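Data first, discussion second: the structure below is written as structure tokens.
There are 2 protein chains.
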Amino acid sequence: MPVFWKHGFSDTSLQDLERATGVNKSGLYAEFRDKEDLFVECLRYYLATQEKRGLLTQEPLGWRNIETFLKNGPHNTAQQRGCFSVSSMREFAILPDEAHAIVAQNRATIKRLLVKNIQAEELTMDPEAVAEMVLVFFSGLCIEHNLKSGKNSSTRKIENLMKILRGERGVR
Amino acid sequence: MPVFWKHGFSDTSLQDLERATGVNKSGLYAEFRDKEDLFVECLRYYLATQEKRGLLTQEPLGWRNIETFLKNGPHNTAQQRGCFSVSSMREFAILPDEAHAIVAQNRATIKRLLVKNIQAEELTMDPEAVAEMVLVFFSGLCIEHNLKSGKNSSTRKIENLMKILRGERGVR
DNA sequence: ATCATATGGAACTGATCAGTTCATAACCAT
DNA sequence: ATGGTTATGAACTGATCAGTTCCATATGAT
């Protein structure tokens, strides 16, 4: 998964995957139909492990969960930057439909969780609308993790967004 | 450029580029050092043409320009989805440093233009902070253009963001 | 200890990759 | 027309690609 994550589908060779897994081609092809299948299963695994982190289900629901989601959702190691799912979106043109379906379904789940957390706060805005915006913001943060802009930059942006969402006007 | 845009660097072959340009390999290599160089020049060309659209320099400066930037910046044809520059960010790990520098510089320019437009409005918030948020939002919109979520979805998100930015509370 | 069954590595397939070479063909000013 | 330049086409590198085959080596049960 980290190899696909960093290099993308096309730039990852079976040789790379052998090295990364320590499993020979024979073993890989015994377990997975082909390279596409292997990628899709990585995507599934990634989303399953992310879901287990439960960033958006901590009680009490509310802004705090959303801030944690934005701050700790995207990864920032040398091998894994941003979100594997968001990165995969850039490759949809060359990925099987299955990948598209998996990502779309996961995004729907996240949006539902976001809505719940927003509803927990008392808000005049439509929770659906806010959830959609937060998700766009999350996608943007993830893809921008590929820049060398440092972590401070990212947290500053998140905190400014949260100030607005929390209704505190006057960011400066 | 459209081929690189849609398929990414690694999944684009010289044969694809011959077909798309109508120029033979000999001609391509006479003009460009290698595939990386060709990609970088595509990126340069893309950003130059985008700059010429002047989405953020129409007078009078203000929210209207920013809304237009968010709505018309990302492309939405079969071959070209989102923004070539944002899509390229996902591939930084396998792209030459030059690509990174070009994108970083262009983003700095856009941020500067965003700040100018925000300053034109009277705002209690820090224009820099708002500009950064708008840019993250733009990146998110671009990468999400790879989803099949339709144009309505995108414009709705933009309009909700603009409502918040314009200070109209109560989106619903 | 023996045999059947998994699991492993290594060699091989044909296709495609980026990049080079070179001979031919088009072109253009004189 | 002619000579010099430039662009083009096609063949050719050596490497790498995804995927397959096959044999040797473990492994496990009896």
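As they're listed, the protein sequences go chains A and B. The first sequence begins at 1 in the working numbering and counts up by one. The second sequence begins at 1001 in the working numbering and counts up by one. By construction, the Cβ of each residue, glycine as well, lies at the ideal position given by its N, Cα and C atoms. On a predicted model such as this, the values are computed, not experimentally measured, just so you know.
Range of the contiguous alpha helix (DSSP H) that encloses residue i
i, result
"B:C1142", "P1127 to E1144"
"A:R64", "W63 to N72"
"A:R33", "Looking at the DSSP string, A:R33 is not in any alpha helix (DSSP H), and its letter there is neither H nor E."
"B:K1148", "Run containing B:K1148: none; DSSP gives neither H nor E here."
"B:A1020", "L1014 to T1021"
"A:Q119", "D97 to A120"
"A:S10", "Note, A:S10: premise wrong, no alpha helix (DSSP H); not H, not E."
"B:M1089", "F1084 to M1089"
Candidates the options: closest to residue i by CA position
i, options, result
"B:N1072", "B:Q1079, B:E1031 and B:R1064", "B:R1064"
"B:E1128", "A:A131, A:V103 and A:K157", "A:K157"
"A:P60", "A:I102, A:K52, A:Q119 and A:R44", "A:Q119"
"A:C7", "A:L135, A:G167 and A:N146", "The amino acid occupying residue 7 of chain A in the given sequence is His; Cys does not appear at that position. The option with the nearest alpha carbon to A:H7 is A:N146."
"A:G140", "A:N24, A:M89, A:G27 and A:A101", "A:M89"
"A:V103", "A:F39, A:N152 and A:E67", "A:F39"
"A:R33", "A:E67, A:V134 and A:L14", "A:L14"
"A:G54", "A:L113, A:G150, A:A108 and A:H100", "A:L113"
"A:H75", "A:C142, A:E51, A:A20 and A:T57", "A:C142"
"B:E1132", "B:V1115, B:K1052, B:K1148 and B:E1031", "B:V1115"
"A:L208", "A:P2, A:T68, A:T155 and A:E31", "Past the edges of chain A, shown from 1 to 172, lies residue 208 of chain A, and the structure says nothing about it."
"A:I66", "A:L135, A:N152, A:S87 and A:K151", "A:L135"
"A:I110", "A:F138, A:M162, A:I164 and A:A99", "A:F138"
"A:G82", "A:D126, A:A99, A:I164 and A:S149", "A:S149"
Chain-ordered chain A contacts of residue i [CB-CB under 7 Å]
i, result
"B:S1010", "G8, S10 and D11"
"B:N1146", "M89, R90 and F92"
"B:G1150", "None at all; the shortest Cβ gap to chain A is about 12 Å."
"B:G1022", "Neighbours of B:G1022 on chain A: none; closest Cβ ~22 Å, over 7 Å."
"B:G1062", "Per Cβ cutoff of 7 Å: no residues; B:G1062 is ~18 Å from chain A at best."
Chain-order list of residues whose beta-carbon lies under 6 Å from that of residue i (same chain, five-residue window excluded)
i, result
"A:W5", "Q80 and F84"
"B:E1159", "none"
"B:E1036", "P1096"
"A:V130", "I118"
"B:H961", "Within the shown structure, residues of chain B are numbered from 1001 to 1172, placing residue 961 of chain B beyond reach of any answer."
Beta-carbon neighbours of residue i, restricted to chain B and to distances below 7 Å
i, result
"A:E91", "G1008"
"A:I164", "I1164"
"A:K157", "E1132, M1133 and V1136"
"A:L161", "M1133"
"A:A104", "L1147"
"A:G54", "Those do not exist, as A:G54 stays about 23 Å from chain B at its closest Cβ, beyond 7 Å."
Cutoff 7 Å; reference residue i; Cβ partners in own chain excluding five residues on either side
i, result
"B:E1121", "G1062 and W1063"
"A:E91", "G8 and F9"
"B:N1106", "L1047 and S1085"
"A:T155", "K71"
"A:Q58", "N65"
Spatial neighbours of residue i in its chain, beta-carbon cut-off 8 Å, leaving aside the 5 residues before and after
i, result
"A:T77", "none"
"B:I1094", "F1009 and S1010"
"B:E1018", "N1024, K1025 and L1028"
"A:G170", "Low per-residue confidence applies at A:G170: pLDDT is 44, beneath 50, and the placement is therefore not dependable, though the value from the model is reported in the following sentence. Cβ neighbours of A:G170 beyond the five flanking positions: none."
Partners in chain A for residue i, counting only beta-carbon separations shorter than 8 Å
i, result
"B:V1086", "I143"
Where residue i meets chain B, residues with beta-carbon distance less than 8 Å
i, result
"A:S26", "Under the 8 Å cutoff, chain B gives no residues; its nearest Cβ is about 25 Å from A:S26."
Neighbouring residues, chain A, relative to residue i (Cβ below 9 Å)
i, result
"B:G1073", "Here the premise fails: no neighbours, minimum Cβ distance about 13 Å."
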